[in-house]
Every structure is written in C-alpha cells, then in structure tokens.
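Each residue of the sequence shown is one higher than the last, beginning at 0 in numbering that gives the first Met the number 0. Glycine is no exception: its CB is placed at the ideal position from the N, C-alpha and C atoms. Just so you know, these numbers come straight off a predicted model, no measurement behind them. Comments concern the structure below.
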Amino acid sequence: MNFEIKPMALAQAAKEKCDALIVLVSQDFKAGKDELSGLVAQALKSADLESKAGKLLTLYRAPQSHAVRVVLAATGDGTARSVRTAVLAAVAAAKSASLKKMVLCFAMPAREDAVRAAVLAAADATYAYTLTKSQPEPRTVQKIILTASNASELQTAFDRAVATVSGVELAKEWANRPANHATPTLLAQAAQELAEVPKFSCEVLGPKEVAELGMGAFMAVAQGSEQALRFVVLRYSGAAKSHAPTVLVGKGITFDSGGISLKPAPEMDEMKFDMSGAASVLGVFRALALLKPAINVVGLIPACENLPSGRAVKPGDVVTSMSGQTIEVLNTDAEGRMILCDALTYAERFKPRAVIDIATLTGACMIALGGVRSGLFSTHDALATALLEAGELSQDACWRMPLDEEYAEGLKTSFADVANVAGRAGGAITAAKFLQRFAEKYAWAHLDIAGTAWKTGTSKGASGRPVGLLVEYLVQQAHAK
Ligand code: BES
Ligand code: MN
Ligand code: ZN
0 MNFEIKPMAL AQAAKEKCDA LIVLVSQDFK AGKDELSGLV AQALKSADLE
50 SKAGKLLTLY RAPQSHAVRV VLAATGDGTA RSVRTAVLAA VAAAKSASLK
100 KMVLCFAMPA REDAVRAAVL AAADATYAYT LTKSQPEPRT VQKIILTASN
150 ASELQTAFDR AVATVSGVEL AKEWANRPAN HATPTLLAQA AQELAEVPKF
200 SCEVLGPKEV AELGMGAFMA VAQGSEQALR FVVLRYSGAA KSHAPTVLVG
250 KGITFDSGGI SLKPAPEMDE MKFDMSGAAS VLGVFRALAL LKPAINVVGL
300 IPACENLPSG RAVKPGDVVT SMSGQTIEVL NTDAEGRMIL CDALTYAERF
350 KPRAVIDIAT LTGACMIALG GVRSGLFSTH DALATALLEA GELSQDACWR
400 MPLDEEYAEG LKTSFADVAN VAGRAGGAIT AAKFLQRFAE KYAWAHLDIA
450 GTAWKTGTSK GASGRPVGLL VEYLVQQAHA K
C-alpha cells in the first residue's frame, strides 16, 4: 500500500479525488469558513456526531466533497489511542469493494503520535492475508493520503510510521503462514531476500555449522523433525564498525507441537505462530532498510520445528549448550528457551551494546498480562526504561516483570547444571531466569510476546507486534549516541 502526506486543511482535502474521505474530528475542533467544516461543527453541536473517540457519522455524495463517501470520525481527546480507535472504526465503515483511494484528513493540526497512530491503524484495518486461499480477496485500498494543515512538521513521524507498517506487515505475513508454508528453510530464504540491499548481509547456518558451534540445546529441539534447522545471522551496518551493535534474537519455532511432552489437540494449530519473534526480527530489518538509521543491528534467528518422533529429545535427557552449561530437558514443550539460550551465547561475539530476545515463550505470560502488554524482563535498568518508553510511544506497550534470584530455585536439578522448567508458579519469570544464565555478559532484555503476537477469536491472526516497539527503540538509539 502506498501512503502519502499532504499539507492541506479540510476544505482542500475535500477537493482531492478519492473513493472515501475520512475526517478526523477532535473535541477541540474549530470550523473554518468552508462549507464542510461548517457542517462538521453543526454535527458536533447537535450531537449527531458524538465527540467520543470512534463515534461516526457517514455522508453519501455530500456536495461539499469529491468523495462518494465521507465519514466523520470523532477522535475525542485526540490522543494516539483515540485516533487509533477512530481510524479503525472509520475505515471499517468506509470499506467496500470499490474502495481504492482514501483520504484521511486531520481537521485540526495533528500531533506526531496521532499521525503515527493513524497510519498504523489504517494499515491494520485494510490488511488481508491471501497466500493460501484459492480465491484470495486481496486488500482493495491501494492509496491512502493523509492530510493536515501542519503536514510539514509531521514528515519524520510519518516516514517512520510508514516504514513501521512495512515491517509490521512482513511480520504478520510470516507469522500467519501455516507451518508447511513457513519452514525453517523458507524463513531463512526470506531473511536472505531482505538482505539483498546495500548495508545488509545475511548468513544462514545449517545443521553441520550449528553442530560445529556446539549448539547442543538448539539441536536437541530440532532433532525430532524432518525439517532441517536453520540459524540466521542478519546484519545491518548503518554506522561505523567501531559502533557496538544491538542484537535482536527472535524465537523461530515454525511449529510447536510440544514434542514428546505433546500439547493437547485443541488450538494446537495456533502454534504455527511460535515463530512470531523471528517474524518480528524480519519486520524490524525491513523497516531499517527504509529508514537507514545510523546504528548497527544484528538479527539472530534460531529456526526449527518441535515435533515428537523416534529421534526426538525425551524428558530426562541431558544436553550440553553452546555455553558449556548442561541442561536437563524435563519438559520438551519448554523448547523456546532451549533454542534461545544457544543464540544468546552466539550473540557474545558481537560485543553488543544490548541484546534483546523476542519470543512467544510462555502461556504463563499470556495469563499474567493478556493480549495488551508484552512481558519485559531485564537486568539492566537503562535498557528496560528505554524499551518501556518506546512501547508507550509506539502504542506497542510492555510491562516490566521481576527477576529475583529466588525465582531460579525451581530450575535446580541433581542431573545437570540447570533444568529447562520449574513448577507452574511464575512460569513466565522462571523461563526468563533460565535465559538470564546465558545472557550475563552484556546488557540484556527479554520480551515475552506470547499474549501480544497474535489475536484469537474472529479476528484471529498475527498482530505484527512488537515491531513498532523495536523500531521506535532503535531509532531512539540512533539519536541518543
Ligand atoms: N510456545 C509455547 C508458549 C505459548 C503457549 C505461547 C501458548 C502462546 C500460547 C512454549 O513453547 C511453551 O510450550 N511453553 C510452555 C512452558 C512449560 C512447559 C513450562 C507453556 O507455556 O506451557
Ligand atoms: Mn512449547
Ligand atoms: Zn514454543
């Protein structure tokens, strides 16, 4: 989809040729001299358009506008959240088979966060998954023009939002693909294609190279599957070599059956989303290609399936991780931490400024925080604060969770250095405590996105989170140095 921003007030925007004009009206709206804004003021005054965010009033062939449909959408207090609510509702109301070009007009000067929210919500509301449908219904909207009288002040925020959308949609696409259309090999190919531009490179390791590195934990998870594992190393070099990179590590379990500790059948299909962390890393790299910030970033993706078979790892098996620490596999369904721990050890070689892993790691995190905020774990206060702020700014929020040493008690075992699971209590935290053992050599943060990476129910599908949070964090890093 194509986005553009133009400096126009409402009267001018109404003269743009388009299929639908959406007018975003905040509670502090003041009418100009033109007819349409007079109409808007009247609608507000009479409460035919209520000012609460998401309330709509639709006009058909209004003489004041070139568009067939005009949707007046209240944005209430005008905050990013309200704008998101309004745009989602308005686009849903304006949607039709013939909707190709849409104008989204801020009737009052817009703030940066409102512009970002509008772009992301408009993209969300028009996204369509098509890959595995025989009669696909692709997205009809091809062009969205944003207008605001103060557009010139908003260009940077707008560009960042458009790049973020591109990343979010790549992440959605890969996370939504069924596991037979998103194997470790295909995921690695997608990474390679992303890197076919200047300043990017991609290296893909297979079973032989991974064995040579001694990634015994990662290999143990992969050994039950006929699909060969892949370890992806993506690099973006936007700054001098001397500039320490940020490393992103994405969990790439392309299907999680649980392995020998098999999951129950209901909803097992949802475990195709278990590579959402990896998909978010791909999404971030696409956004980096568009924004080209002056930083260095490494993306690491351990990718494999977790399946039961005669060759699969068994409960009680002890394996040796790349770090040298031995791990007792008490539950083969706690596989995410096993593939991540070797990637975290691999990350040391980059002498990173920070390492952030992103994983659909625990059902417990979904229970704790639901689908609203991702779980954030970090031993490093400055890093945690920066990620929390990036989450708020990008409407892709997270919530910091504790890492007290007492939570690691349950991981003790007589048969190895560490067990891969503790009891049920505090499951998201004990998983993070396991990872922490492998991330002691740098500033580290862990994002548990089990609850936020996809939506269940009728709108079932990937959310593209936390691409927005990560892009915001990285761009801030570029400005901070
Ligand atoms: N991929 C799952 C976590 C998950 C579960 C994400 C449900 C989203 C929805 C992970 O590999 C897993 O199976 N975790 C186990 C850990 C347990 C065995 C300690 C879990 O959460 O049940
Ligand atoms: Mn699992
Ligand atoms: Zn998993």
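Using CA coordinates, which residue listed in His-65, Glu-327, Ala-396 and Ile-355 is at the minimum distance from Lys-414?
What you label residue 414 is simply residue 415 of the sequence shown in a count that begins at 1. Contrary to the premise, residue 414 reads as Phe rather than Lys in this sequence. Distance check between Phe-414 and each of His-65, Glu-327, Ala-396 and Ile-355 places Glu-327 closest, using alpha-carbon atoms only.
Would you please state the rounded distance, in angstroms, between the beta carbons of Ala-444 and Ala-358? I believe it to be under 8 Å.
Residue numbering aside, residue 444 sits at position 445 when the sequence shown is read from its first letter. Residue numbering aside, residue 358 sits at position 359 when the sequence shown is read from its first letter. The pair is not a contact, with the Cβ atoms about 12 Å apart (cut-off 8 Å).
Curious, which full-length beta strand (DSSP E) runs of at least 3 residues does the segment 249-321 contain?
Taking only runs of at least 3 residues, the beta strand (DSSP E) segments lying wholly in the segment 249-321 are 251-255, 295-305 and 317-319.
Closer than 5 Å: residues whose CB approaches a heavy atom of the ligand ZN:
Of all residues, those with a beta-carbon under 5 Å from at least one heavy atom of the ligand ZN are Ile-252, Asp-255, Asp-273 and Gly-335, reported in chain order.
Roughly how far, in whole angstroms, is the beta-carbon of Leu-109 from the beta-carbon of Ala-89, given that I think they are within contact range, below 8 Å?
Position 110 of the sequence shown, counted from the first residue, corresponds to residue 109. Position 90 of the sequence shown, counted from the first residue, corresponds to residue 89. Position check: residue 109 holds Ala in this sequence, whereas Leu was assumed. About 15 Å; that fails the 8 Å criterion.
In angstroms with no decimal places, state the Cα-to-Cα distance between Ala-13 and Arg-115.
In the sequence shown, residue 13 corresponds to position 14, counting from 1. In the sequence shown, residue 115 corresponds to position 116, counting from 1. Ala-13 and Arg-115 have their C-alpha atoms some 22 Å from each other.
Need the endpoints of the alpha helix (DSSP H) that Ser-200 sits in, please.
For this step, residue 200 is matched to residue 201 along the sequence shown. It is not in any alpha helix (DSSP H) - Ser-200 instead sits in the beta strand (DSSP E) that spans 199-204.
Taking the runs of the beta strand (DSSP E) that are 3 residues or longer, which of them lie wholly in the segment 379-427?
Those beta strand (DSSP E) runs which fall completely within the segment 379-427 and span 3+ residues are 397-399.
DSSP beta-bridge partners for Lys-100?
Numbered from 1 along the sequence shown, position 101 holds the residue referred to as residue 100. Paired residue(s): Lys-142.
With a threshold of 7 Å (Cβ to nearest heavy atom), would Gly-257 be considered close to the ligand MN?
Position 258 of the sequence shown, counting from 1, holds the residue named residue 257. Relative to the ligand MN, the beta carbon of Gly-257 is positioned inside 7 Å of a heavy atom.
Beta bridge counterpart(s) of Gly-372 as assigned by DSSP:
As a working note, residue 372 is residue 373 in the sequence shown. Correcting the residue identity first, residue 372 is Arg in this sequence and not Gly. Answer is none; Arg-372 lacks a bridge partner.
By Cβ distance, which residues of its chain are closer than 6 Å to Ala-170, with the 5 residues on each side in sequence left out?
As a working mapping, residue 170 is identified with position 171 in the sequence shown. Cβ neighbours of Ala-170 within its own chain (closer than 6 Å, five residues either side excluded): Ala-278, Ser-279, Gly-282, Gly-463 and Val-466.
Could you check which residue in Ser-50, Asp-33, Arg-60 and Gly-369 has the C-alpha nearest to that of Ala-19?
What you label residue 19 is simply residue 20 of the sequence shown in a count that begins at 1. Between Ala-19 and the set Ser-50, Asp-33, Arg-60 and Gly-369, the nearest pair of CA atoms involves Arg-60.
Boundaries of the alpha helix (DSSP H) in which Leu-87 is found, first to last residue:
By one-based count along the sequence shown, residue 87 stands at place 88. Residues 79-93.
C-alpha gap between Asp-447 and Leu-360, whole angstroms
Your numbering for residue 447 matches position 448 in the sequence shown. Your numbering for residue 360 matches position 361 in the sequence shown. When the Cα atoms are used, Asp-447 and Leu-360 turn out to be separated by approximately 6 Å.
Beta-carbon spacing of Cys-17, Val-69 below 8 Å
To locate residue 17, count along the sequence shown from 1; it is residue 18. To locate residue 69, count along the sequence shown from 1; it is residue 70. Contact flag unset, no.
Run the proximity test for Asp-332: is its beta-carbon closer than 7 Å to any non-hydrogen atom belonging to the ligand MN?
Stepping through the sequence shown from its first residue, residue 332 is reached at position 333. Taking 7 Å as the cut-off, the C-beta of Asp-332 counts as close to a heavy atom of the ligand MN.
Taking the continuous alpha helix (DSSP H) assigned at Ala-477, which residues delimit it?
As a working note, residue 477 is residue 478 in the sequence shown. For Ala-477, the uninterrupted alpha helix (DSSP H) run begins and ends at 466-479, by DSSP.
Near Leu-386, what residues of its chain come up, given a Cβ to Cβ distance below 8 Å and the 5 sequence neighbours on each side ignored?
Taking the first residue of the sequence shown as position 1, residue 386 is located at position 387. If you ignore the 5 residues before and after Leu-386, its C-beta comes within less than 8 Å of the C-beta of Ile-355, Leu-375, Ser-377, Cys-397, Ala-444, Leu-446, Leu-468 and Tyr-472, all in its own chain and listed in chain order.
Asn-305: CB within 7 Å of a non-hydrogen atom of the ligand MN
Position 306 of the sequence shown, counted from the start, is the residue given in the question as residue 305. Checking every heavy atom of the ligand MN against the Cβ of Asn-305, one is found closer than 7 Å.
Distance cutoff 8 Å, beta carbons only. Does Val-86 sit that close to anything in chain C?
The chain inventory of the structure shown lacks chain C, comprising one protein chain alone.
Measure the C-alpha to C-alpha separation of Thr-455 and Thr-344 and round it to an integer number of angstroms.
For the purposes of this step, residue 455 is identified with residue 456 of the sequence shown, where counting begins at 1. For the purposes of this step, residue 344 is identified with residue 345 of the sequence shown, where counting begins at 1. Rounded to the nearest angstrom, the two C-alpha atoms are 34 Å apart.
Below 8 Å between beta carbons: does that hold for Gly-205 and Arg-229?
For the purposes of this step, residue 205 is identified with residue 206 of the sequence shown, where counting begins at 1. For the purposes of this step, residue 229 is identified with residue 230 of the sequence shown, where counting begins at 1. In contact: Gly-205 and Arg-229 (Cβ atoms closer than 8 Å).
Cutoff 7 Å; reference Val-417; Cβ partners in own chain excluding five residues on either side
Position 418 of the sequence shown, counted from the start, is the residue given in the question as residue 417. Around Val-417: Gln-324, Ile-326, Leu-410, Phe-433 and Arg-436.
To the nearest angstrom, report how far apart Ile-252 and Ile-338 are at their CA atoms.
Residue mapping note: residue 252 aligns to position 253 of the sequence shown, counting from 1. Residue mapping note: residue 338 aligns to position 339 of the sequence shown, counting from 1. Within the model, the alpha-carbon separation for Ile-252 versus Ile-338 is close to 9 Å.
Can you tell me whether His-445 is helix, strand or coil according to DSSP?
As a working note, residue 445 is residue 446 in the sequence shown. Note: His-445 maps to strand in three-state DSSP.
Considering only the alpha carbon of each residue, which of Ser-148, Ser-133 and Ser-95 lies closest to Cys-104?
Taking the sequence shown and counting its residues from 1, the one referred to as residue 104 is at position 105. Distances from the alpha-carbon of Cys-104 to those of Ser-148, Ser-133 and Ser-95 put Ser-148 closest.
The ligand BES and Leu-281: does any heavy atom of the ligand fall closer than 7 Å to the residue's C-beta?
Counting from 1 along the sequence shown, the entry for residue 281 is found at position 282. No, Cβ of Leu-281 sits at least 7 Å from all heavy atoms of the ligand BES.
Smallest Cα separation from Phe-28: which of Ser-260, Leu-43 and Ile-21?
Position 29 of the sequence shown, counting from 1, holds the residue named residue 28. If we check each option's Cα against that of Phe-28, Leu-43 comes out closest.
For Glu-211, which of Asp-158, Val-196 and Ser-320 has the nearest alpha-carbon?
In the sequence shown, residue 211 corresponds to position 212, counting from 1. Cα-wise, what sits closest to Glu-211 is Ser-320.
Going straight from the alpha carbon of Gly-369 to that of Ile-428, what length do you get?
The count along the sequence shown starts at 1 and reaches residue 369 at position 370. The count along the sequence shown starts at 1 and reaches residue 428 at position 429. For Gly-369 and Ile-428, the distance between alpha carbons rounds to 15 Å.
Per-residue DSSP class, three states only, for Asp-158:
As a first step, residue 158 must be located in the sequence shown, where it is residue number 159. Helix, per DSSP.
Using alpha carbons as the reference points, say which of Pro-197, Glu-304, Val-167 and Ala-66 lies closest to Ala-181.
Residue 181 sits at position 182 when you count from the first residue of the sequence shown. Comparing Cα-Cα distances from Ala-181 to each of Pro-197, Glu-304, Val-167 and Ala-66, the minimum goes to Glu-304.
Does any heavy atom of the ligand BES sit closer than 7 Å to the C-beta of Met-365?
Looking up residue 365 in the sequence shown gives position 366. Placement of the Cβ of Met-365 at a distance of less than 7 Å from at least one heavy atom of the ligand BES is found.
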